[in-house]
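Engineer:
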Amino acid sequence: VMRLTKPTLFTNIPVTCEERDLPGNLFNQLMKDDPSTVKGAETLMLGEMLTLPQNFGNIFLGETFSSYISVHNDSNQVVKDILVKADLQTSSQRLNLSASSAAVAELKPDCCIDDVIHHEVKEIGTHILVCAVSYTTQTGEKMYFRKFFKFQVLKPLDVKTKFYNAETDEVFLEAQIQNITTSPMFMEKVSLEPSMMYNVAELNTVDTAVESESTFGARSYLQPMDTRQYLYCLKPKQEFAEKAGVIKGVTVIGKLDIVWKTNLGERGRLQTSQLQRMAPGYGDVRLSLETIPDTVNLEEPFDITCKITNCSERTMDLVLEMCNTNSIHWCGVSGRQLGKLQPSSSLHLALTLLSSVQGLQSVSGLRLTDTFLKRTYEYDDIAQVCVVSSEIKQS
Amino acid sequence: SSAKDAKSTSGEDDSRDIVQQKTQEEILFHEETIDLGGDEFESEGNETVSEDSNNFVDKLNEQMMESVIISDSPNNSEDDTGELGCLQEIVDQMEAKDNQKTQTEVDKEEFLSNESETEHEETPKDISEIGTDDQASLKEDSIQEAVKEEPKLGNNVPVETKPNNVDESTPEDQMLSPSTTKPSSEAEPIPVCTIFSQANNASSQPQLFLPDGFEPQMVKSPSFSSMIETPVKYNPQVVQPSPSLSKFFGDTVNTNTLASDFFDSFTTSNFISVSNPSASSSVPEQMSSLSNGGDGSSSNPTFPVQNGRPEAGGPPSSIEITQSPKPFSQIQAVFAGSDDPFATALNMSELDRRNDAWIPSEETRNVLISVATQQYSAVFIDKENLTMPGLKFDNIQGDAVKDLMLRFLGEQAAVKRQVLNANSVEQSFVGLKQLISSKNWRAAVDLCGRLLTAHGQGYKKSGLPASHTTDSLQLWFVRLALLVKLDLFQNAEMEFEPFGNLDQPDLYYEYYPNVYPGRKGSMVPFSMRILHAELPQYLGNPQESLDRLHSMKIICAKILENLEQGLAEDGSMTNITQENRQASVQLWRSRLGRVMYSMANCLLMMKDYVLAVDAYHSVIKYYPQQEPQLLSGIGRIFLQIGDIKTAEKYFQNVEKVSHKLDGLQSQIMVLMNRAFLHLGQNNFAEAHRFFTEILRIDSSNAVANNNAAVCLLYLGKLKDSLRQLEGMVQQDPQHYLHESVLFNLTTMYELESSRSMQKKQALLEAVAIKEGDSFNTQCLKLG
Numbered sequence: 029v030m031r032l033t034k035p036t037l038f039t040n041i042p043v044t045c046e047e048r049d050l051p052g053n054l055f056n057q058l059m060k061d062d063p064s065t066v067k068g069a070e071t072l073m074l075g076e077m078l079t080l081p082q083n084f085g086n087i088f089l090g091e092t093f094s095s096y097i098s099v100h101n102d103s104n105q106v107v108k109d110i111l112v113k114a115d116l117q118t119s120s121q122r123l124n125l126s127a128s129s130a131a132v133a134e135l136k137p138d139c140c141i142d143d144v145i146h147h148e149v150k151e152i153g154t155h156i157l158v159c160a161v162s163y164t165t166q167t168g169e170k171m172y173f174r175k176f177f178k179f180q181v182l183k184p185l186d187v188k189t190k191f192y193n194a195e196t197d198e199v200f201l202e203a204q205i206q207n208i209t210t211s212p213m214f215m216e217k218v219s220l221e222p223s224m225m226y227n228v229a230e231l232n233t234v235d236t237a238v239e240s241e242s243t244f245g246a247r248s249y250l251q252p253m254d255t256r257q258y259l260y261c262l263k264p265k266q267e268f269a270e271k272a273g274v275i276k277g278v279t280v281i282g283k284l285d286i287v288w289k290t291n292l293g294e295r296g297r298l299q300t301s302q303l304q305r306m307a308p309g310y311g312d313v314r315l316s317l318e319t320i321p322d323t324v325n326l327e328e329p330f331d332i333t334c335k336i337t338n339c340s341e342r343t344m345d346l347v348l349e350m351c352n353t354n355s356i357h358w359c360g361v362s363g364r365q366l367g368k369l370q371p372s373s374s375l376h377l378a379l380t381l382l383s384s385v386q387g388l389q390s391v392s393g394l395r396l397t398d399t400f401l402k403r404t405y406e407y408d409d410i411a412q413v414c415v416v417s418s419e420i421k422q423s
Numbered sequence: 134s135s136a137k138d139a140k141s142t143s144g145e146d147d148s149r150d151i152v153q154q155k156t157q158e159e160i161l162f163h164e165e166t167i168d169l170g171g172d173e174f175e176s177e178g179n180e181t182v183s184e185d186s187n188n189f190v191d192k193l194n195e196q197m198m199e200s201v202i203i204s205d206s207p208n209n210s211e212d213d214t215g216e217l218g219c220l221q222e223i224v225d226q227m228e229a230k231d232n233q234k235t236q237t238e239v240d241k242e243e244f245l246s247n248e249s250e251t252e253h254e255e256t257p258k259d260i261s262e263i264g265t266d267d268q269a270s271l272k273e274d275s276i277q278e279a280v281k282e283e284p285k286l287g288n289n290v291p292v293e294t295k296p297n298n299v300d301e302s303t304p305e306d307q308m309l310s311p312s313t314t315k316p317s318s319e320a321e322p323i324p325v326c327t328i329f330s331q332a333n334n335a336s337s338q339p340q341l342f343l344p345d346g347f348e349p350q351m352v353k354s355p356s357f358s359s360m361i362e363t364p365v366k367y368n369p370q371v372v373q374p375s376p377s378l379s380k381f382f383g384d385t386v387n388t389n390t391l392a393s394d395f396f397d398s399f400t401t402s403n404f405i406s407v408s409n410p411s412a413s414s415s416v417p418e419q420m421s422s423l424s425n426g427g428d429g430s431s432s433n434p435t436f437p438v439q440n441g442r443p444e445a446g447g448p449p450s451s452i453e454i455t456q457s458p459k460p461f462s463q464i465q466a467v468f469a470g471s472d473d474p475f476a477t478a479l480n481m482s483e484l485d486r487r488n489d490a491w492i493p494s495e496e497t498r499n500v501l502i503s504v505a506t507q508q509y510s511a512v513f514i515d516k517e518n519l520t521m522p523g524l525k526f527d528n529i530q531g532d533a534v535k536d537l538m539l540r541f542l543g544e545q546a547a548v549k550r551q552v553l554n555a556n557s558v559e560q561s562f563v564g565l566k567q568l569i570s571s572k573n574w575r576a577a578v579d580l581c582g583r584l585l586t587a588h589g590q591g592y593k594k595s596g597l598p599a600s601h602t603t604d605s606l607q608l609w610f611v612r613l614a615l616l617v618k619l620d621l622f623q624n625a626e627m628e629f630e631p632f633g634n635l636d637q638p639d640l641y642y643e644y645y646p647n648v649y650p651g652r653k654g655s656m657v658p659f660s661m662r663i664l665h666a667e668l669p670q671y672l673g674n675p676q677e678s679l680d681r682l683h684s685m686k687i688i689c690a691k692i693l694e695n696l697e698q699g700l701a702e703d704g705s706m707t708n709i710t711q712e713n714r715q716a717s718v719q720l721w722r723s724r725l726g727r728v729m730y731s732m733a734n735c736l737l738m739m740k741d742y743v744l745a746v747d748a749y750h751s752v753i754k755y756y757p758q759q760e761p762q763l764l765s766g767i768g769r770i771f772l773q774i775g776d777i778k779t780a781e782k783y784f785q786n787v788e789k790v791s792h793k794l795d796g797l798q799s800q801i802m803v804l805m806n807r808a809f810l811h812l813g814q815n816n817f818a819e820a821h822r823f824f825t826e827i828l829r830i831d832s833s834n835a836v837a838n839n840n841a842a843v844c845l846l847y848l849g850k851l852k853d854s855l856r857q858l859e860g861m862v863q864q865d866p867q868h869y870l871h872e873s874v875l876f877n878l879t880t881m882y883e884l885e886s887s888r889s890m891q892k893k894q895a896l897l898e899a900v901a902i903k904e905g906d907s908f909n910t911q912c913l914k915l916g
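Sequences listed follow chains S and V, in order. Its first residue numbered 29, the first sequence is counted upward by one per residue in my numbering. Its first residue numbered 134, the second sequence is counted upward by one per residue in my numbering.
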């Protein structure tokens, strides 16, 4: 039995000299005669000669385990009814990998039965390849033996995710994918398969007029321990967007599908489990900003528009209070009635305020009180606005 | 996978299934098994795993700390438990009592304990004790025992743990676990890996520190990785003065021939012929003591030409050298040989200047200037600034092939093995070349050592003042180059050490104005600089190699710039004819290209593929005629990374420029690239077809032959593959007894039969007939 990882290319160590050096062109001639060098470019280290894998190597989840199974008759007798069976025992199951289960009628001395098995590895941990051979000798004796080959399946990738909730119901997913193998890994595909509620836009290419260029530049591969960040933007589909205001709790976003290749196209593929996110808890009443100027003049009033959404299951009767802070001064009457608000409905509200302090100021101090339940919701740090003195702005 | 599907309905069913299967298995294979002997399974990877486990805990800890910080995903905890799914099963059994612990805590511990077990104790709780002999050859006996126990232990695992697992789990856990534990239920062809964004998963990371037994593709030569430590193995008597030295010096006749060969052999300049005396005169004591060891002064060829500066080089001792008239006549003979000695001399110096040009560092330049301005007494050179090389070990001779023959084929066969050694050839450059071309590099290294000893730079002479000549440096170059060729990198490094950065003043001709009147530049051959720069990368320090190559690149570029500005190479105002300037530019461009080549190779070794590809691109500028080969090479780099598409692009570009090669060659290259592309696409059948196609055009193509055989193996045709390789080796052993071919062949022998030894020994016999002492016997895997 031999594991068939991809062969590797033979590398040679170029030692050159110049004609005037002592060995003359001896070294160069030696390199030319060496069959493993590239003819005409002997100094090129990477040759064309394929060499078979010399050890078992590592195998990673999602890769294909290939192995050559050869049963060779070392004796000088013909044996009959040979049955070769290859099973893979994992920590949870046992798989039969033999291509055929039919017995071979007879095997002459110095002949062999060959089989190449493939198995896509789907579990981490200890795997044992069990090869069982049964046969009948010339004397009619039934014989069988088994061999065990144990190997560990390791994890190739480490994936970390992070969600960012935008004001506009969009969700940004940042996925960090780390190559935790010891070899470079070419990421052929990293895509997000969104759940039914979302449409996804991949933000990993920079679109130019001619073609879209990867944000990773020419570096198409991941070195060992390198981490790459992928960014995706998810928008709720129209039909769900309507109810987006009430999307609550854990929602399924989708899953990442990762395909990579290593040495000579050895392929691996993994999918993550469903990524879930906790929708931002808006509580019962959600207040979001619709419009706000980014820069305002000192001590000059400016307008903002808020959207108030009732996220609860009941009708609310809201009263708006506006509390001044050190820098933010609200204009207009505090404690005004906003009227009844049905569940899942929203209203828009224009407010005027001014700032008495320069610099980046935080808009704070809005209080909504539900008169039915006598519950008050506080809204601070709703947004930030840059306050400049009026002279600067005019000039 | 239908069986699998059936199994995955629930954990308990699953395990019962296994139980049944196991019992069936037991019934089927209950009798004693037959031991087929050696086990071909290549599990060195596993072996290294256990070796590595020493630092395991440290690494584990590091990891723990690191990734605790990185956990800000909202769905940490659930994911994490999900991920542990299958591993949990194994360990839950042991930890079943710890249900009270919070899930995460448990996870963490389980991971740790599981990890340490698999690594250190090979998981006794896991699937049987097979783990303990997870070495290259599994002992059949213990396996048998293990097998009998396996059902018991193995079954325990799922039966007990599955329910436990569910009990412990938080609701989220349950939601997730389906995806890990029964991937097949959704008829999902792809394995599912859960996302883990929490600290705990870090504990699984140490696995990735396991050395990837396979990986060093760049360093893949079997001999290569392991040979680094081999010097000791090959020359146990590394540091012993050669006993043959005295004999060597005692033989007067021999020495005379040596001297003559020595001094008029390869060097092109007539001035050089007179150069050697400086070696002896500047270190008279050493030389004389050396000659005393042998016969006496007669063997010590000395010359009337005075070394300019004994004060600078060595102790200002009196010059007590007998003067032999012979060299003079030789010099005359040389001069008489050419029609116009002056013209020749001029021409030579032109060549010399071009070849030897080098730009010294500021400090060195100052020393050289003061030497040139004859301020003897003012010139005081620090001992550290002088180059004082010496052999660091002696008698590297040995013939690994013969040793193996003694071991496996018996004394009689071994006697038949006849290779040249340092004694059996002329003690001169001629003999040296003979040894090199007959691939007796070990003997050649020895001979270099002897010749260097004649220069007063022999064994234990390191650290003693020496004086250098073109010849001595060339000898050093050959010796060091051969050491590198033999993969004896550490030895080469040791002997390179006294040379520093090859910029010491005494390595410049200007330092010896009397020996080399008017000659300028460095004695160090350019190739030796390359060798010096490349060496660290083979010793695991590629950064140092890059640094050295960069400074070489700067000097080469500076020289080219000087030439373009109408100056001489070193920036001085010398008149150079247009023709000579052209030749010089050409030389230095190709040298610069050579430096770029080394850089690219070094970057490739560092696996910095992006930079390596860039570097190879710039090599194309210097060696445009190699463009097809280089582009193909870049394509292969991309194939190695796994980037098949880009590789394909490069291969297409090759087809566009392949007209640079002659018809046959370009045809072969195109076919070869196509074959490689198919390899990358896992299509071994097509790859084999293309390799065979090449053989149709060029039946002696070793690469295609070998690669076609490799493809056959992957297609499950072991016998055919063997036939092809064997046929190839028999057909032209001179060419095909190559390390890589033999390596493949022995690997297949091992796979074919447990009685591979005989066949390997047959290969050894074939090798013994054809190969010199530099043959790397590791590829025969006879050890």
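From the three backbone atoms N, C-alpha and C, an ideal C-beta is built for every residue, glycine too.
1. From the DSSP output, in three-state form, read off S/R314 for me.
2. Does the beta-carbon distance from S/C339 to S/D312 come in below 7 Å?
3. For the beta strand (DSSP E) containing S/L298, list its first residue and its last residue.
4. Grouping DSSP H, G and I as helix and E and B as strand, with all else coil, what is S/H100?
5. Can you name, in chain order, every residue of its own chain whose Cβ lies under 6 Å from the Cβ of V/L915, other than the five neighbours on each side?
6. How about V/G596 and S/T290: do their beta carbons lie closer than 7 Å?
7. So what's V/L763 in DSSP terms, helix, strand or just coil?
8. Would you check if the distance between the CB atom of S/L315 and the CB atom of S/Y407 is smaller than 7 Å?
9. On the criterion of 16 or more Cβ atoms from any shown chain inside 10 Å, does V/I902 qualify as buried, or is it exposed?
10. If you measure between the beta carbons of V/P675 and V/M738, is that distance less than 7 Å?
11. Per the contact definition of three or more C-beta pairs closer than 8 Å, is the stretch 112 to 121 of chain S in contact with the stretch 166 to 173 of chain S?
12. Report yes if the C-beta distance between S/C261 and S/L231 is below 7 Å; otherwise report no.
13. Starting from V/V534, trace the alpha helix (DSSP H) both ways and give me its first and last residue.
14. Determine, for S/S95, whether the minimum Cβ-Cβ distance to residues of chain V falls below 7 Å.
15. What are the uninterrupted segments assigned as alpha helix (DSSP H) that are 4 or more residues long and contained completely in the stretch 323 to 351 of chain S, given in chain order?
16. Relative to the alpha-carbon of V/R662, which residue among S/T39, S/D49, S/V385 has its alpha-carbon at the smallest distance?
17. Taking Cβ-Cβ distances shorter than 8 Å, what residues in chain S pair up with V/L884?
18. Return yes when the Cβ of S/D398 is within less than 7 Å of the Cβ of S/M350, no when it is not.
19. When you compare the CB positions of V/S873 and V/W574, do they come within less than 7 Å of one another, or not?
20. If you count every other CB in all the chains shown that lies within 10 Å of the CB of S/Q299, and 16 or more means buried, which is it?
21. State buried or exposed for S/T79, treating a residue as buried only when at least 16 other CB atoms are found within 10 Å of its CB.
22. Check each residue of the stretch 59 to 75 of chain S: if its Cβ is closer than 8 Å to any Cβ of chain V, include it; give the result in chain order.
23. Among V/A841, V/S832, V/Q814, whose alpha-carbon lies nearest the alpha-carbon of V/R822?
24. Run through chain S and tell me which residues come within less than 9 Å of V/R722, C-beta to C-beta.
25. Are the CB atoms of S/E76 and V/V836 nearer to each other than 7 Å?
26. In its own chain, which residues sit with a C-beta less than 6 Å from the C-beta of V/A547, not counting the 5 before and 5 after it?
Structural biologist: According to the structure shown:
1. In the structure shown, S/R314 falls within a strand segment according to DSSP collapsed to helix, strand and coil.
2. Yes, these two residues count as a Cβ contact at 7 Å.
3. 294 to 300
4. strand
5. L537, K893
6. no
7. helix
8. The answer is yes: Cβ separation under 7 Å.
9. Its Cβ having fewer than 16 others within 10 Å, V/I902 is exposed.
10. yes
11. no
12. yes
13. 533 to 541
14. no
15. none
16. S/D49
17. V29, M30, Y96, S98
18. Taking 7 Å as the cut-off, the beta carbon of S/M350 is found no closer than this to the beta carbon of S/D398.
19. no
20. buried
21. S/T79 should be labelled buried.
22. Flagged, chain order: D61, D62, P63, S64, V66, K67, G68, A69, T71, L72, M73, L74, G75.
23. V/A841
24. The premise fails here: V/R722 is roughly 14 Å from chain S at the closest Cβ pair, so nothing lies under 9 Å.
25. yes
26. K535, M538, L539
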